[in-house]
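Undergrad:
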Amino acid sequence: MDGVPRGPEQRGPGSPTEPVALRFGVLGPVRAWRDGVPVATGSPQQRALLAALLLREGRTATAAELIDALWGGEPPSQALAAVRTYASRLRKVLDPGVLVSESGGYAVRGLGEGALDLAAAQELAAEAEKARNTGDLCRARDLLNQALALWDGESLAGVPGPYADAQRVRLEEWRLQLLETRLDMDLEQGCHAEAVSELTALTAAHPLRERLRELLMLALYRSGRQAEALAVYADTRRLLADELGVDPRPGLSELQQRILEADPALVEPPARLPRPDPAPVRPAQLPATVPDFTGRAAFVRELGEVLASASGDEARVMAVSAVAGIGGVGKTTLAVHVAHAARDAFPDGQLYVDLQGAGARAAEPETVLGSFLRALGTADSAIPDSLEERAALYRSVLDGRRVLVLLDNARDAAQVRPLLPGTAGCAALVTSRVRMVDLAGAHLVDLDVMAPEEALALFTKIVGEERVRSEREAALDVVAACGFLPLAIRIAASRLAARRTWTVSFLAAKLADERRRLDELQAGDLAVAATFELGYGALETAQARAFRLLGLADGPDISLAAAAALLDLPAAETEDLLESLVDTSLLESAGPGRYRFHDLLRLYARACAERDEQPPAEREAARSRLLDHYLATAVRVYGIERPGDRTVAHLEKGRAAGEEFSGAAKALDWLHSEAGPLLACVQQSLGASMVRRAVDLLVAAIDLAESGADSRQYRKTARAACEAAAALGDARAEVRARVTVAQVFSQAGRFEAADEEARRADALLRDADDPWANGTAPNQLGIIALCTARYAEAEGCFLRAIDAFRADGNRPGEASAVCNLSRTLASMGRTGEAVELAQRGVEIYDELGMSMRLANARYASGIVLSQAGRSSEALAQLDEALCIFAENRQSLWEGTTHYRIAEVHLRAGRPARAARHAEQALATGCIGGDWMRANALTVLGRALDALGQGDRARACWREALTLYEETGSAEAVQVRHLLARLSAA
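In this text, residue positions in the sequence shown follow my numbering: the first is 9, and each later residue adds one.
1. Between PRO258 and LEU268, what straight-line distance do the alpha-carbon atoms span, to the nearest angstrom?
2. Would you call the region 463-480 and the region 491-502 touching, i.e. three or more CB-CB distances under 8 angstroms?
3. Measuring only the C-alpha atoms, how far is SER597 from ALA579?
4. At the level of alpha carbons, what is the spacing between LEU687 and SER329?
5. Taking the beta carbon of LYS100 as the centre, do at least 16 other beta carbons fall within 10 Å, making it buried, or is it exposed?
6. Quick check on the burial criterion: 16 or more other C-beta atoms within 10 angstroms. Buried or exposed for LYS339?
7. With a Cβ-Cβ cutoff of 7 angstroms, do GLY903 and ALA923 count as a contact?
8. Given 8 angstroms as the limit, is there contact between the region 166-173 and the region 48-64, that is, 3 or more CB pairs closer than that?
9. Mapping the DSSP letters down to three states, classify THR431 as helix, strand or coil.
10. Measuring straight from C-alpha to C-alpha, what distance separates ASN708 and TYR867?
11. Start and end of the alpha helix (DSSP H) containing LEU575?
12. Check TRP41 in the structure and name its three-state DSSP category.
13. Determine the direct distance from the alpha carbon of GLU202 to that of ARG8, and round the result to whole angstroms.
14. Which value, in whole angstroms, describes the spacing of the CA atoms of ARG475 and ASP485?
15. So ASN896 is in the alpha helix (DSSP H); what residue range does that whole segment cover?
16. Give the secondary structure of PHE669 by DSSP, where H, G and I count as helix, E and B as strand, and everything else as coil.
17. Compare the beta carbon distance of ALA332 and SER440 with 7 angstroms and say whether it is the shorter of the two.
18. Tell me the start and end of each unbroken alpha helix (DSSP H) in the region 119-202 that is at least 4 residues and wholly inside, in chain order.
19. In the DSSP output, which residue or residues are listed as bridge partners for SER597?
20. Please identify the residue among LEU207, ASP271, ALA728 and ALA305 whose C-alpha is closest to the C-alpha of GLN692.
21. Considering only residues of the same chain and omitting the five flanking positions on each side of ARG140, which have a CB-CB separation below 6 angstroms?
22. Measure the C-alpha to C-alpha separation of VAL108 and VAL116 and round it to an integer number of angstroms.
23. Answer yes or no: do LEU132 and LEU35 have a C-beta to C-beta separation smaller than 7 angstroms?
24. What is the DSSP secondary structure of ARG31, counted as helix, strand or coil?
25. Looking at the structure shown, is ALA115 part of a helix, part of a strand, or coil, going by DSSP?
26. Should LEU228 and ALA237 be called a contact, given that it needs their Cβ atoms to be closer than 7 angstroms?
27. Please classify ASN787: does DSSP put it in a helix, a strand, or coil?
28. Can you give the Cα-Cα distance for GLU967 and SER719, rounded to whole angstroms?
29. Does the Cβ-Cβ distance between GLY870 and GLN885 come in under 7 angstroms?
30. Classify GLN1048 as helix, strand or coil using the three-state DSSP reduction.
31. Can you pull the DSSP bridge partners for VAL411?
32. Of all the options ASP160, LEU969 and SER977, which has the alpha carbon lying nearest to the alpha carbon of HIS985?
33. Give me the DSSP bridge partner(s) of GLU236.
34. Leaving aside the five residues before and after THR832 along the sequence, list all residues of the same chain whose C-beta is less than 6 angstroms from its C-beta, in chain order.
35. Which word fits PRO256, buried or exposed, when buried means at least 16 other C-beta atoms lie within 10 angstroms of its C-beta?
36. Could you give the first and the last residue of the continuous beta strand (DSSP E) run that contains GLU110?
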């Protein structure tokens, strides 16, 4: 809530098109509005009279009943006169005819639909119940959330009298029942992580309400936190015995027993179904089927029958079909055609991915799962990090749905297994160059070349019946020369179709040369290469150059702007060339403005570049232009995010102008959408002539390391850059690479490895003569020392960093080191100096207009203010930081800030709020990896312990201790003491 009172017309459901003039609220203070403007409702007793009339829903209340409602058994001597006075005053401020006198009493009549917030809430709750009964849980949850949002604090707040007291209790009980119903549906739809946070706070506020405890146990268990779930039961049993002298109700005891027995029925509901708006997310990712699909009738029928077996009403198992064959044999075309034909049998959607199994960098299963989960409606914040957790969530989301998954171009069965659905009703269709005999339960299909008549039919469809009819024998010679491979036939036919002056016989004569024809006795890459050679040889000079040079880029795809830079051509001319390559099937359109090669075509194009691109230096120049494009654009993004930062001045200057953006959001969109191609470009640009620019591209793209989504690939690329720079003896590139590696290790909580890299970078400073590293290296060393409680060392490092940043005129760098120093001094007990320094850091960033870095400064300020005992100011700073991190898509920093907010609430004696924010930190993830997760678990345990939930606190501390011991963190000692104290109690 924003703290501003809102009228029912702002809060109610389905407001009518015409505004209702007079509205009332009882789910909070008793209030009235006319056209959204508050109406004075008088003294507390006058509001009590209004409330009593409103709650009678139009029925008449006698004077005696109203007196009893306001004063109970001891009314004042002038009670009747007072009631009449209150009624008269209300009649004057309300619309005519609303408050009526009748039979010696009063009634409120003539209110429009939804004019009373309670009536609106009742209507919403009734609609929610209907939706739930019909199985539409998403709509039911939405309706209940709308109903609950109508409450604005305590019902009938500030209204005196026994009637109001009784109604307050009734309305609060009803609110809790609605909340329990909605939470129950949350768990039915798999929203366990979110529910844990809310339920933790609710059980703290209502410790004797067993239904909330039961829901919390179930949410924890389904989140993989069995020990905490059992601890909730133990806490509840002890509390009920101490407070009421009773045992938990049978349902709670039964749930505890089922958890102990690991009852599989407890985890049946799907893990997370997204809230549809207005219908469930139904991905439709299948590529377009080719209009001239020909032949393969037996395979189409065979695969169709397998898919039908999975989608029927009596389906018992998931169907998996794996299509294998050499490159160019038409595996993808067949699979896409069959998938489109089966779409109606899979009404909940179709997923598609090119697994790039034939290339050097096959798609990682965890990356694919992240993409699939997003397509199915799962929020980024709900997608876990590990492959196992993503695969489990993916299978849970698909449970109960009928979805077809097309896994194209797989490397092997190990790559495919995590991507398979787990339940009946779904099906997977896999294509690969290898036969997947080790994919358990799969229906294997070996796809051979086309039959001669099928091949001729395909050729005829593309070229045209009229041209082939008179030269049938020559056409048979053409398809035979293509080895009856569909891709080769398509390329040859497209070449002929584009040249109206050629005859079929002329094309057949050209293919008669064995050096340019596919030898049908061969298979694999050589055969495919010969087929590709046919299409490549027919290209115009500019097309052939574009084909060759595009093959030099390693990324999964390439944008039009990046391709233009690579080719050193204007965007419009580049687009024409690329589209012409798409037309001849030598390039694919991955989406508007994006292009990709088939993996084997990329290898072939690269071989052509090595053979044909003259002089050879042009290949290096093309890679250099691509690197310059990414570097210039990433530097621009960095500058938009960090105005005034001197880092930009110290980065290498390429010849490209880079892309321009209309605002920070567009700049961030570019960075995250280009993460794969950008990091691949760095990886392939680590030779002597480009290593400095490659490392600087990593520096400019540092946001990728902090976002969470691309952190792992960034870390892998940074380490490769570090090794390359060291091998080349380039001190400046090496020091920057090592600082970057130290930073990503630190963010992952691997402080020992981070410290080693940072010290090696620090030792290189003299040889590197790099103003950027002179400040950044000691700043990073200080951060690591701060996180590992080496405060005196951290202070020295930050002072060095501040001097270096000042010497360079780098005010943002100085502000960063100042903020870090403030945290160090606060940890050393020098809170006065720390608060002053933190404020200075905030002021510098504020002056520079640096939104993202201002969030870091406010984060540091919040920590320092909390340590100084100024909790309200600390929360204000941390809340500001949280908003900025969210706007800049820094989810790991969001989680870390939730952890710090939890610390502040805990210090201030608000354990319920602390527990809620600690849960959010755990659900979102934090900078600092397992070390910071252990910190959040420790704070959560302290909060739970303060709430009297000792057994659950013990479970949190045990998990934290395991993480601390695995990371070698000194905090393990503190947690052992906490566990020992709890055991002693």
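Built from N, CA and C at the ideal position, the CB exists for glycine as well.
TA: According to the structure data:
1. The straight-line gap from Cα to Cα measures roughly 15 angstroms.
2. Contact holds: three or more Cβ-Cβ distances are below 8 angstroms.
3. Each residue's alpha carbon lies about 16 angstroms from the other.
4. Answer to the nearest angstrom: the Cα atoms are 34 angstroms apart.
5. By the 16-neighbour rule on beta-carbons within 10 angstroms, LYS100 is exposed.
6. buried
7. It is not a contact, given that the beta carbons lie outside the stated cut-off.
8. Flag = yes, the region 166-173 and the region 48-64 touch.
9. Here THR431 sits in coil by DSSP.
10. This sequence places Ala at residue 708; Asn is not what is there. Spanning the two alpha carbons is a distance of roughly 23 angstroms.
11. Where LEU575 is concerned, the enclosing alpha helix (DSSP H) stretches over 568-575.
12. strand
13. Within the shown structure, residues of the chain are numbered from 9 to 993, placing residue 8 beyond reach of any answer.
14. 15 angstroms
15. Neither: ASN896 is in no alpha helix (DSSP H) and is coded neither H nor E.
16. PHE669 falls in the coil class under three-state DSSP.
17. Taking a C-beta distance under 7 angstroms as the contact criterion, ALA332 and SER440 qualify as a contact pair.
18. 125-141, 145-157 and 170-196
19. TYR603
20. ALA728
21. ALA148
22. Taken atom to atom, the span from the alpha-carbon of VAL108 to that of VAL116 is near 6 angstroms.
23. no
24. strand
25. strand
26. Yes, Cβ-Cβ distance for LEU228 and ALA237 is below 7 angstroms.
27. Residue state, collapsed to three classes: helix.
28. 24 angstroms
29. At the C-beta level, GLY870 and GLN885 come within 7 angstroms of one another.
30. Lying before the first or after the last residue shown, residue 1048 is absent from the chain, which here runs from 9 to 993.
31. DSSP lists no partner for VAL411.
32. LEU969
33. Beta-bridge pairing links GLU236 to no other residue.
34. LEU794, TYR799, ALA802 and GLU803
35. buried
36. 107-110
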